[in-house]
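Quick note, the numbering used here runs 169 ahead of the 1-based positions in the sequence shown. Note that the Cβ used here is the ideal one computed from N, Cα and C, for glycine as well. As the structure is a prediction and not an experimental result, all values here were calculated from the model. What follows is a single structure, written as structure tokens, with notes after it.
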Amino acid sequence: MKLYTSNRAPNPRRVRWVMAEKGVADVEMVEIDIMTGEHKKPAFRDRVGVPHLPALELDDGTILSESIAICRYLEALHPEPNLFGRDPLEQAEVEMWTRRCEFYLATPIMLNVRHTHPALAALEATQMPQVAEYNRLSAERFMRTLDAHLATRTFLALDRFTIADIVGVVGLDFARVVKYSPPAEFENLARWLDTCRARPAAKAGV
Numbered sequence: 170m171k172l173y174t175s176n177r178a179p180n181p182r183r184v185r186w187v188m189a190e191k192g193v194a195d196v197e198m199v200e201i202d203i204m205t206g207e208h209k210k211p212a213f214r215d216r217v218g219v220p221h222l223p224a225l226e227l228d229d230g231t232i233l234s235e236s237i238a239i240c241r242y243l244e245a246l247h248p249e250p251n252l253f254g255r256d257p258l259e260q261a262e263v264e265m266w267t268r269r270c271e272f273y274l275a276t277p278i279m280l281n282v283r284h285t286h287p288a289l290a291a292l293e294a295t296q297m298p299q300v301a302e303y304n305r306l307s308a309e310r311f312m313r314t315l316d317a318h319l320a321t322r323t324f325l326a327l328d329r330f331t332i333a334d335i336v337g338v339v340g341l342d343f344a345r346v347v348k349y350s351p352p353a354e355f356e357n358l359a360r361w362l363d364t365c366r367a368r369p370a371a372k373a374g375v
């Protein structure tokens, strides 16, 4: 298998982190240069179908894109450690918190960074400071929700680490490229971040 990835983008890191948690090492890493638009060129786009990363090419030539879809595939191949839930209720809770983190945290942070960082102007038709500010405030509203939720628990969805935690941490970590940190008042959020970042696989996923 081959993983088309980029060390500059957050979504491929989700997949690399899952691979590290599961000890998956038999995947060739193919770095795609998003800053030069390699992901938008016919050689990549025609192969994958969309100008997005990551993409996983299977040995038979099948290509999967979208980070969570790839992670679900890897979970099916390598069920342990379980990251998506063991029974219907766990799976629903993990899905709920994963979607919340993607929609209300990771996506607003991504938009804030893309409309703030000078080097990322190449990825936007026009960088708009008002879009960056709106999305920062939106993400911080959800951080408050997360902080309250984490007051009585170690991880987001279950009593163990899951894909929901990966999506949340990777989203927040992406903001570090613009030297952003969550407000200091969110102490439970900070504790959770430290716990997740201390995992060996977190470093392997960077």
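Roughly how far, in whole angstroms, is the beta-carbon of residue i from the beta-carbon of residue j, given that I think they are within contact range, below 8 Å?
| i | j | result |
| --- | --- | --- |
| His247 | Lys191 | 4 Å |
| Leu358 | Leu315 | 5 Å |
May I have the straight-line CA-CA distance separating residue i from residue j, to the nearest angstrom?
| i | j | result |
| --- | --- | --- |
| Arg185 | Val336 | 12 Å |
| Arg241 | Glu354 | 34 Å |
| Met265 | Ala189 | 23 Å |
| Arg322 | Lys372 | 23 Å |
| Asn251 | Ala308 | 28 Å |
| Asp228 | Glu262 | 33 Å |
| Thr364 | Ala194 | 24 Å |
Out of the options, which has the shortest C-alpha to C-alpha gap to residue i?
| i | options | result |
| --- | --- | --- |
| Val388 | Pro352, Tyr173 and Met279 | Any question about residue 388 goes unanswered here, given that the chain covers just 170 to 375. |
| Leu362 | Lys348, Ala373 and Gly340 | Gly340 |
| Val199 | Asp316, Arg368 and Pro181 | Pro181 |
| Glu366 | Pro352, Ser175, Ile201 and Arg183 | Before going further, note that residue 366 is Arg rather than Glu in the sequence given. Minimum Cα distance to Arg366 is reached at Arg183. |
| Ala224 | Arg305, Thr276, Ile239 and Glu271 | Ile239 |
| Glu235 | Met312, Gln299, Pro179 and Arg269 | Pro179 |
| Leu243 | Pro352, Arg177, Arg368 and Ile332 | Ile332 |
| Gln299 | Leu280, Arg310 and Tyr273 | Leu280 |
Can you tell me which of the three DSSP states residue i falls into?
| i | result |
| --- | --- |
| Ile278 | helix |
| Lys157 | Limits of the chain in this structure are 170 at one end and 375 at the other, which puts residue 157 out of reach. |
| Met198 | strand |
| Glu226 | strand |
| Thr364 | helix |
| Ser234 | strand |
| Thr331 | coil |
With 16 other CB atoms within 10 Å as the buried threshold, where does residue i fall?
| i | result |
| --- | --- |
| Val219 | exposed |
| Thr231 | exposed |
| Gly206 | exposed |
| Thr285 | buried |
| Leu325 | buried |
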